[in-house]
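Report on one structure; see the data block that follows.
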Amino acid sequence: ESMNALKPAFFRFPGGCWVEGEDMAGAYQWKHTIGDVASRTQLENLWDYNATQGLGYHEYLQLSEDLGAESVFCINAGMAHRESVPLDRMGAWVQDALDAIEYANGPADSVWGSLRAKNGHPAPFNLRIVEIGNENGGSDYAERWPLFVKAIKARYPEITLIANHWQKDYPKEPMPEIVDEHYYDTPEGFMRRATQYD
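What follows is the structure in structure tokens.
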């Protein structure tokens, strides 16, 4: 009720550093968060406790729908805090993004759409926005961004993709449709930014 009272226009999930993990072994993987709650893979997170993942990808999509908010799914870009997946092994991570979109939007007779239907939601969730990475930047991110864009746009041209803006930059090729700016500053610094988006 409290969340609903806020009347959110969008709901970004599953959260910030949770997406990345300290290393790739601790990175968020949505496929471990669906199906029977009792059999989901727990994940130790950056805040030093195990998460049961009882609130998983399906539940986030359902919550967005219940709130009447636009789902904004943030998927790992093959980067953790302390390491990045080698470029020649990025195919699995890109496929993971494609599978997530199919789970959310695919017909009930598709591979991942049928699993969504089995989990209690036969109709598509109509996911329209996906963010590639969380607080990622630099050359590693610039190399991985186009891999996701090319694959997702080839299969799902209607999906809007968000790029990270971190370390004072964002990837320019291909140019993002939306940029998610992340920065940390003092209260005075935020006051100076008061008109930044006017």
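Here our numbering is used: the first residue of the sequence shown is -14, the next is one more, and so on.
Quick reminder that beta carbons are idealized off the backbone N, C-alpha and C, glycines included.
Give me the Cα-Cα distance between Lys157 and Tyr34, rounded to the nearest whole angstrom. 37 Å
Euclidean distance between Cα positions of Gln80 and Leu146: Their Cα atoms are separated by approximately 15 Å.
How long is the line joining the alpha carbons of Arg25 and Gln181, rounded to whole angstroms? 43 Å
Determine the contact status of Gly91 and Pro109, defining contact as a CB-CB distance below 8 Å. yes
Figure out for me which residue from Val115, Leu72 and Asp73 has the closest Cα to the Cα of Ala89. Val115
Spatial distance of Ala127 from Ile117 (CA atoms): 11 Å
State the Cα-Cα distance for the pair Trp151 and Glu173, rounded to the nearest angstrom. Between the alpha carbons of Trp151 and Glu173 lies a distance of about 20 Å.
Rounding to the nearest angstrom, what Cα-Cα distance links Arg178 and Tyr168 in this structure? 11 Å
Starting from Val4, trace the alpha helix (DSSP H) both ways and give me its first and last residue. Cys2 to Glu5
Evaluate Pro(-1) with the Cβ neighbour count: other Cβ atoms within 10 Å of its Cβ, from every protein chain shown; 16 or more gives buried, anything less gives exposed. buried
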